[in-house]
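Quick notes on the structure that follows.
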Amino acid sequence: MSEPNKNNKKEAMFSPKNQKLLSNPLGKDNPITVQVLGICSVLAITVQLRTSLVMAISVVAVMGLANVIISILRKTIPPRIRIIVQLTVIASLVILVDQLLKAYVYDVSRQLSVFVGLIITNCIIMGRLEAFALNNKPWPSFLDGVGNAAGYGSVLLMVGFFRELLGSGTLMGYQVIPNFLYDLGYENNGFMILPPMALITVGIIIWVHRYRDRNLVDIS
Amino acid sequence: MKAIHKLIEKTRPHFEKGGRFEKLHRTFEAFDTFLAVKGDVTKKGSHIRDAMEMKRTMFHVVIAMIPVLLFGMWNVGYQHYAAIGLEVDLLDQFVFGLLKVLPLIVVSYASGLVVEFIFASIRDHEVNEGFLVSGLLIPLIIPVTTPLWMVAVATVFAVIIGKEVFGGTGMNVLNPALLARAFLFFAYPSYLSGEVWIYTELQQGQQLVDGFSGATPLAVLSTGDIQNLPSVLEMFLGTIPGSIGETSTVAVLLGALVLIATGVGSLRIMISVVVGGLFTGFLFNLFAANPYMEIPPYYHLIMGGFAFGAVYMATDPVTASQTGTGKYIFGFMIGAITLLIRVLNPAYPEGMMLAILLMNVFAPLIDHYVVQAHIKKRLKRLKHARVEVT
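Going line by line, the protein sequences match chains A and B.
Using the working numbering, the first residue of the first sequence is number 1, and each one after it goes up by one.
Using the working numbering, the first residue of the second sequence is number 221, and each one after it goes up by one.
Spelled out as structure tokens, the structure:
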């Protein structure tokens, strides 16, 4: 969420059109709540806020860079093998991210386990490469990639926040719910840790989103 | 009665348009129609009228639940005093149970109705009576020891996610009461399984009797301990540990009579659930790979929530199949899946809840194929008839 705002302060390269590339995916064009893509990883890695955050940052990095690279190469990629080129680019970036995670945040990397590798198959990334980076210049492509990844990450963080808070009583690993509540008989909600509750949480976010933005209601 | 009418008419202007509590209009309307028949009269040409609107239908179900409720209250007291080894008379047992069960009912109704009223105000539709039934079903299918706040959380979850999300009463895919129980079961497993069925919070000077075990028959069976099973008569009468309302097959049968006599509950579903259960039970008998598979199939009907689920839960007119043939399939599958979960899956001693929820999801699909098959059959007959004419 905070990333595009920081960029907006610089202006100059941010024409209103470019700004929309960043802000649309956060709102009315959100990859998860509107396009319903990338649900699988949302269910898998949002048990804790920490893993959600690391995942969100990883996807922002991969998607921003992949969009730029594909955009630079867009005139040289033969259309018939473009998918395989895109995959190669994404896969290389994901391997880089994976190595970085292993080097600096090993415990989170272990918790994310296979899902870092599965960023490659995240349909949001492939979708943006196909739909945007192949036809646009590097800078707008970069904004589009970061915007979509931020839209994905924002939902990830919201789901992770509620699941960790209600499921484990902690946030980022620190206990948030005070001990006297537990003494009074409060219990952590075990359902929150199970994947179905992530789906329901995403559903509630979609519900709230559509309630606030009536234009989305008739889209389906 | 007149006093009530006067009170309603006196307060009505406050809730009409422009009144002080305009926002609470729907809440007022709900109480108004609950206490008295609505004053609206047919204005244009009259239609055939039946007194069986939704309020009365739901009330019949509530009446059908009274035997189960009363027996459940008594059983709570009976089990408690048996556990601490005290001999008291029937009334004391009942009063003890009443005091323990009543808070659960109050909390369940209060939390659910608050949500219903809020949604009715936001969406400006009438407050529906569906919750009268769900609100009473929820306390009946949980252990008496469930903390009150958990009941409230589960009820709110069930009403919002199970019902209001889909558009309110009559639109829900899943049975709200069972959804509340499923929520509790997965969210707070330690409060819904194990030694939770009997109220054993002891006062000073009390102690549990030697050899006390609070296990339900199903829990006993899942450990393979056939000898410690209660007698058939005990299980049939319901003097066994279990959720508040589920233990007594006799009381459930009384309720079933009311439901069938008033035409509210579907006899087809009840019968086919029982048939499905018995059939699968016989199949298990044929294989008889472990002691659990060898017990007589009818045992399954009187243990746990089988009878209760078949009569009160599976027959829910909203979430069950609508077509006649569909009801047979729907019920049969519930009975069969219940036994599969009970016997073959050691993680869940009771399968009724999960079986009904699963079939709730499949009910529209069953209906779809039943209707399609019917259309095909008719088309075939039509073709045949044409050939004969020409």
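We put the beta carbon where it would ideally sit given N, CA and C, even for glycine.
- Remark: fewer than three beta-carbon pairs, one from each stretch, lie closer than 8 Å, so the stretch 501 to 511 of chain B and the stretch 315 to 335 of chain B are not flagged as touching.
- Taking 8 Å as the upper bound for CB-CB distance, residue 560 of chain B and residue 571 of chain B are in contact here, some 7 Å apart.
- Per the DSSP secondary-structure output, residue 175 of chain A pairs in a beta bridge with A:170.
- In this structure, the CA atom of residue 81 of chain A is about 11 Å from the CA atom of residue 88 of chain A.
- Along the stretch 181 to 199 of chain A, the positions whose C-beta sits under 7 Å from a C-beta of chain B are 185, 187, 189, 190, 191 and 194, read in chain order.
- For the set A:185, A:177 and A:141, the Cα lying nearest the Cα of residue 64 of chain A is the one of A:141.
- Spatial neighbours of residue 577 of chain B in its own chain (CB-CB distance under 8 Å, excluding positions within 5 residues in sequence) are listed in chain order as 394, 395, 398, 399 and 402.
- Counting of Cβ neighbours within 10 angstroms places residue 604 of chain B among the exposed residues, the total staying below 16.
- For the stretch 454 to 513 of chain B, the full-length alpha helix (DSSP H) segments reaching 4 residues or more read 469 to 482 and 487 to 507 along the chain.
- Here the stretch 57 to 77 of chain A lies against the stretch 117 to 127 of chain A, with 3 or more beta-carbon pairs under 8 Å apart.
- Look at residue 164 of chain A here: in three-state DSSP terms it is helix.
- Remark: three or more beta-carbon pairs, one from each stretch, lie closer than 8 Å, so the stretch 508 to 524 of chain B and the stretch 453 to 465 of chain B are flagged as touching.
- For residue 367 of chain B, a Cβ of chain A is located within less than 9 Å of the residue's own Cβ.
- Residue-level contact check: residue 519 of chain B does not touch chain A, since none of the beta carbons of chain A fall below 9 Å from its beta carbon.
- Annotation for residue 292 of chain B: the continuous alpha helix (DSSP H) segment containing it runs 274 to 304.
- Interface with chain A (9 Å Cβ-Cβ cutoff): residue 573 of chain B is excluded.
- Interface flag for residue 495 of chain B against chain A is unset, since no Cβ pair is found closer than 9 Å.
- Here the alpha carbon of residue 289 of chain B sits roughly 28 Å from the alpha carbon of residue 542 of chain B.
- Straight-line spacing of the CA atoms in residue 19 of chain A and residue 337 of chain B works out to 42 Å.
- Buried is the label assigned to residue 316 of chain B, since at least 16 other Cβ atoms lie within 10 Å of its Cβ.
- Annotated three-state conformation of residue 144 of chain A is helix, per DSSP.
- Note that the stretch 402 to 411 of chain B does not touch the stretch 274 to 292 of chain B; fewer than 3 beta-carbon pairs, one per stretch, sit closer than 8 Å.
- For a Cβ distance threshold of 9 Å, residue set 385 of chain B lies close to residue 207 of chain A, ordered along the chain.
- Within the stretch 401 to 418 of chain B, 403, 406, 407, 408 and 409 place their CB atoms closer than 7 Å to a CB of chain A, listed in sequence order.
- With respect to the 9 Å criterion, residue 546 of chain B and residue 499 of chain B are not classified as neighbours on the basis of their beta carbons.
- Taking 9 Å as the cut-off, the beta carbon of residue 384 of chain B is found closer than this to the beta carbon of residue 335 of chain B.
- For residue 203 of chain A, the nearest CB of chain B lies under 9 Å from its own CB, placing it at the interface with that chain.
- Inter-segment contact for the stretch 191 to 198 of chain A and the stretch 38 to 52 of chain A is present: three or more beta-carbon pairs are separated by less than 8 Å.
- Counting every other CB atom within 10 Å of its CB across the protein chains shown gives residue 533 of chain B a total of 16 or more, marking it as buried.
- Interface with chain A (9 Å Cβ-Cβ cutoff): residue 381 of chain B is included.
- DSSP places residue 332 of chain B inside the alpha helix (DSSP H), whose first and last residues are 310 to 343.
- For residue 55 of chain A, the enclosing alpha helix (DSSP H) starts and ends at 49 to 73.
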